[in-house]
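Take any residue in the sequence shown, note its place counting from 1, add 3, and you have its number in my numbering. We treat Cβ as the ideally placed atom computed from N, Cα and C, and that holds for glycine. Quick notes on the structure that follows.
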Amino acid sequence: MTGFEPRIIAFCCRHCAYAAADLAGGSRLNYPESLHIVQLPCTGRVDVLHLLKSFEEGADGVLVAGCLPGRCHYLKGNLHARQRIDHLHQLLDRIGFETDRARMINISAAMGARFAELATEFTERIRQLGPNLLAVSAQSPATQSPGTTP
Ligand code: FES
């Protein structure tokens, strides 16, 4: 699809992925500008509802980026986040929504180049999938259901 720039929300743990993104930026490594980073104390704070709300509000893709296995500062936060992503995938699959639109990665603060690579790869995958047609904000007034407010 030409001209489509995906909107991606990246929920990043401040101890690892956020620092890796910062390192990538400081090292002048490019990663897509369309990545909107939300800093979290730990990916264990991510709830399935946050991810679904992101899609509802217009995100084309959602990335959850946490510490490497065994390196979470809250011990199991990244493992809980992984379980929630798995649960989200099951929910999305049931409604026929592409599960590839949500992904979890594990990374360390020193992996700036890897962060840029994974962010770029994810963005390319979302670009292939095209816009999120379930987004409420993607609906024009003419296509909204009766009774909904614009
Ligand atoms: Fe980084 Fe838990 S502190 S994922």
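- Message: Using only the alpha-carbon positions, how far apart do P134 and H18 sit?
- Response: Translated into positions along the sequence shown, residue 134 becomes position 131. Translated into positions along the sequence shown, residue 18 becomes position 15. The C-alpha of P134 lies about 31 Å from the C-alpha of H18.
- Message: By the three-class DSSP mapping on this structure, what secondary structure does H92 have?
- Response: Taking the sequence shown and counting its residues from 1, one reaches residue 92 at position 89. In the displayed model, H92 falls within a helix according to three-state DSSP.
- Query: Run through DSSP, which three-state label would G64 get?
  - Reply: Counted from its first residue, the sequence shown places residue 64 at position 61. Looking at G64 - three-state DSSP - the assignment turns out to be strand.
- By how many angstroms is the C-alpha of S57 removed from the C-alpha of A68? In the sequence shown, residue 68 corresponds to position 65, counting from 1. In the sequence shown, residue 57 corresponds to position 54, counting from 1. Each residue's Cα considered, the two are about 15 Å apart.
- Query: Which first and last residues belong to the beta strand (DSSP E) in which A105 is found?
  - Reply: Here residue 105 refers to the residue found at position 102 of the sequence shown. According to the DSSP assignment, A105 belongs to the beta strand (DSSP E) that extends over 105-109.
- Query: Can you tell me whether P9 is buried or exposed, with buried defined as 16 or more other CB within 10 angstroms of its CB?
  - Reply: In the sequence shown, the residue the question calls residue 9 occupies position 6. With 16 or more Cβ atoms within 10 Å of its Cβ, P9 is classed as buried.
- Count the other CB atoms, across all protein chains shown, that sit within 10 Å of the CB of L38; report buried if there are 16 or more and exposed otherwise. In the sequence shown, the residue the question calls residue 38 occupies position 35. Per the 10 Å Cβ criterion, buried.
- Query: Taking 8 Å as the cut-off, is the CB of G69 close to at least one heavy atom of the ligand FES?
  - Reply: If you number the sequence shown from 1, residue 69 lands on position 66. In this structure, G69 has its beta carbon less than 8 Å from a heavy atom of the ligand FES.
- Item | Beta-carbon proximity list for F118, same chain, < 6 Å, skipping 5 on both sides | The residue you call residue 118 lines up with position 115 of the sequence shown. Within the same chain, F118 has close Cβ partners A23, A24, A27, I110.
- Message: Just to confirm, is the Cβ distance from T123 to Y34 under 9 Å?
- Response: Within the sequence shown, residue 123 is the residue found at index 120, counting from 1. Within the sequence shown, residue 34 is the residue found at index 31, counting from 1. Yes, the Cβ-Cβ distance between T123 and Y34 is below 9 Å.
- Message: In the DSSP assignment, the beta strand (DSSP E) including L43 goes from what residue to what residue?
- Response: Taking the sequence shown and counting its residues from 1, the one referred to as residue 43 is at position 40. Here the beta strand (DSSP E) through L43 covers 38-43.
- Query: Out of R130, F125, A116, E127, which has the shortest C-alpha to C-alpha gap to R31?
  - Reply: Along the sequence shown, read from residue 1 onward, the residue named residue 31 stands at position 28. Comparing Cα positions, the closest option is A116.
- Query: Counting along the chain, where does the alpha helix (DSSP H) carrying A22 start and finish?
  - Reply: Counting from one through the sequence shown, the residue named residue 22 turns up at place 19. It spans 20-29 - the alpha helix (DSSP H) in which A22 sits, taken as one unbroken run.
- Message: Can you find the residues in the same chain that come closer than 6 Å, C-beta to C-beta, to V65, ignoring five residues on each side of it along the sequence?
- Response: For the purposes of this step, residue 65 is taken as residue 62 along the sequence shown, with counting starting at 1. Around V65: I12, L54, S57, A105.
- Could you name the residues of the same chain whose beta carbon sits closer than 7 Å to that of A84, not counting the 5 residues immediately before and after it, in chain order? Position 81 of the sequence shown holds residue 84. Taken in chain order, the residues that qualify are T46, G47, V49, V67, G69, M107.
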